[in-house]
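Single-structure report; data block below.
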Amino acid sequence: MFDEKIGAHVAFGNWQLRYGRLIGVFLFRKPVLIVSSPEALKQIFVKDFASFSDRYFVGEGKLQQQLIQKTIFFAEGPVWRRLRKMITPTFSSGKLRQLTQYINKKAALLEHYLHSHAVSETSTEAKLVFGAHTLDIIAGTTFGIDLDSLSDLNAPFIQHAKSLMTVDRLIQLKLALAGIFPVLIPFLRLFNIGYFKQADIQFFEDTLKTIILERTVTSKGKSDFIQMLLEAEFEPTEGIHGDTKLTTEELVAQGLFFLIAAYDAGSNVLQFLFYELAKHQDVQDKVVKEIQTVIGQTTEPTYDNCKRLRYTEAVIEEVLRMYPPVHILTRTTTQETVLNGIRVPANIGIIIPVYNIGRDPEFFPNPDKFNPDRFMQEHRGNMNPATFLPFGFGPRQCIAVRLVIMQFKIALVHVMRKLRAVSATPEVMEVADHNGTIVPKIPIRISFEVRAS
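Our numbering applies: residue 13 is where the sequence shown begins, and numbers increase by one.
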């Protein structure tokens, strides 16, 4: 499909230069439209959402275990609308405030771990450290499980989580077969063969079912997402029907999806975030000054005082622009429609190259320069919202945006108040797209030093 030596994001860029912002290609046997026109994107994401409400998949979407198909990410039509309506309230500001104590606890452990490396003057393997931190956050906020991954990397939960996100050549072969020979998909599904390893799926399914069973007896004051979803209900409305509460299988599926969606994405963004701060000491100084001014040296970060860290948020947004959690978004036409004057039949795939749009000089001048100021309020008015897509756009935007940004801010507050990121490798960042995510070609290592009191 794409030359692995250059990657999909390079191919998309080359095609756009040659053919423009709406490009028709075949992926395996399926015709798709690659779209990077802001006006067309507004139509897809918002204005004509009903015609583009479902995601597009080739092999990796259709070749999924039945449990994964029940997640909000893969759900379609009325099923998606019902899940979205039920899950959205669990990410309200009030619910997020309940999670800050646990996130602070884990951010303090992260700072402690990095502090020990600063004292011993040893660099840290960024993906390992921030992956462990992200997993701790997910385990506690989603499952109510208190992990310390940096101290015990061999715990079954940790091993299965890492295995779950490791895509080997055998899985890639299955996906290619599913794309080339769609007739094989029903047979592969019959044996529950999918994108993820069944042993890992089974481990988390059993774990979640045990947690849910325990919660039906007593919640013991739990405020994690599983508990919130257990209590979630909705009133059926026109176009949205079904059970007014989530079934056990749906609960398990959403919990597993939170893990899948947040683990790789969260750890990748954090490693790029601290890398750029180490490379831009002036930006780091501004972040520290804002933290000291808004929160202080000893006050615990909260949902409310973190919202006032406006420059820090701009830094995070600039990292998300340059290194989005996923490098493409997809949609499919649910009915025949007209896009930018072009008639597009039903069941045509739409690919939105998020990474390329974020690096497009027409939308972001000098796009390879790390410049958080472009996201400050005085400059943001010039930005087309359809060109900043790290979490998507419109009704199907990522449901956990506010939680993710808060998690990053709290980590920064705890680490930056006591440590300085002084250097990072590689010297020049080169990225690859790997299984839908943007990753560094050379693993990032970061060195910290203890700040003077």
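Beta carbons: idealized from backbone N, C-alpha and C, even for Gly.
This structure is a prediction, so every number in the text was calculated from the model and none was measured.
Contacting residues, own chain, Cβ-Cβ under 7 Å from residue i (five flanking each side not counted)
| i | result |
| --- | --- |
| Leu34 | Leu45, Val47, Ser49, Ala52, Asn352, Ile354 |
| Tyr114 | Gly152, Thr153 |
| Lys298 | Tyr323 |
| Phe169 | Ala151, Ile157, Leu159 |
C-beta atoms of residue i and residue j nearer than 8 Å
| i | j | result |
| --- | --- | --- |
| Pro379 | Pro373 | yes |
| Phe403 | Val434 | no |
| Ala436 | Ile458 | yes |
| Tyr176 | Phe208 | In the sequence as presented, Tyr is not what sits at residue 176; that position holds Leu. For Leu176 and Phe208, yes; Cβs fall inside 8 Å. |
| Ile149 | Lys174 | no |
| Ala444 | Leu282 | no |
| Asp66 | Thr344 | yes |
| Ala138 | Phe40 | no |
| Gly7 | Ile340 | As shown, the chain starts at 13 and ends at 465. That puts residue 7 outside it, with no answer to give. |
| Ile369 | Thr399 | yes |
| Pro101 | Ala244 | yes |
| Phe284 | Phe237 | no |
| Leu140 | Leu159 | no |
| Lys221 | Arg227 | no |
| Leu79 | Glu261 | yes |
| Leu142 | His172 | Correcting the residue type first, residue 142 is Phe in the shown sequence and not Leu. Going by C-beta atoms, Phe142 is not nearer than 8 Å to His172. |
Residue i classed as buried or exposed, judged by whether at least 16 other C-beta atoms fall within 10 angstroms
| i | result |
| --- | --- |
| Tyr31 | exposed |
| Ala290 | buried |
| Phe38 | exposed |
| Gln296 | buried |
| Gln409 | exposed |
| Glu288 | buried |
| Gln293 | exposed |
| Met418 | buried |
| Ser279 | buried |
| Val425 | buried |
| Thr256 | exposed |
Residue i - partner residues in DSSP beta bridges
| i | result |
| --- | --- |
| Pro402 | Gly404 |
| Arg355 | Val350 |
| Lys42 | Leu39 |
| Ala433 | Phe460 |
| Asp380 | According to DSSP, Asp380 bridges with nothing at all. |
| His391 | Paired residues: none, contrary to the question. |
| Arg343 | Ile362 |
Cβ-based neighbour list, residue i, same chain, cut-off 6 Å, excluding 5 preceding and 5 following
| i | result |
| --- | --- |
| Arg371 | Pro379 |
| Leu162 | Tyr125, Ala144 |
| Phe193 | none |
| Pro438 | Ile454 |
| Ala62 | none |
| Phe420 | Ile328 |
Own chain, CB closer than 8 Å to residue i, minus 5 neighbours either side, in chain order
| i | result |
| --- | --- |
| Lys430 | Glu123, His127, Val462, Arg463 |
| Arg414 | Phe103, Ser105, Leu108 |
- Could you tell me whether the segment 374 to 387 touches the segment 325 to 332, using the rule of 3 or more Cβ pairs below 8 Å? yes
- With a cut-off of 8 Å, do at least 3 Cβ pairs link the segment 100 to 114 to the segment 300 to 307? no
- Query: Okay, do the segment 254 to 273 and the segment 306 to 318 touch, 3+ Cβ pairs below 8 Å being the bar?
  - Reply: no
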